[in-house]
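In our numbering, the protein residues as written are -17 to 44. Scroll down for the structure; my scribbles are underneath it.
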Amino acid sequence: MTTEAKIQITSSELGILWSTYISKSARLLIHNFFKSKTMIKPQKAIFSPVGVKLFQILGYAS
-17 MTTEAKIQIT SSELGILWST YISKSARLLI HNFFKSKTMI KPQKAIFSPV
33 GVKLFQILGY AS
């Protein structure tokens, strides 16, 4: 690969990528933690695929 073919990103772009990765990873870990610890049936409905999709539509999760 030649030098011209390499894509360079700025530190701010790298920061945005890292922030997005950490945010999504934390969101997934927290979701899985509460999903595994929830015993009440109405609360479990929030973690169902429909509940997760509703949160995505409302903008609470991506």
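Glycine included, C-beta positions come from ideal geometry on N, C-alpha and C.
- For K17, the uninterrupted alpha helix (DSSP H) run begins and ends at -7 to 19, by DSSP.
- Within the same chain, and ignoring the five residues on either side of L(-4) in sequence, no residue has its Cβ closer than 8 Å to its Cβ.
- The beta carbon of L(-1) sits closer than 7 Å to no other beta carbon from its chain once the five residues preceding and following it are set aside.
- Shown here, Q(-10) sits in coil according to DSSP, grouped into three states, outside any helix or strand.
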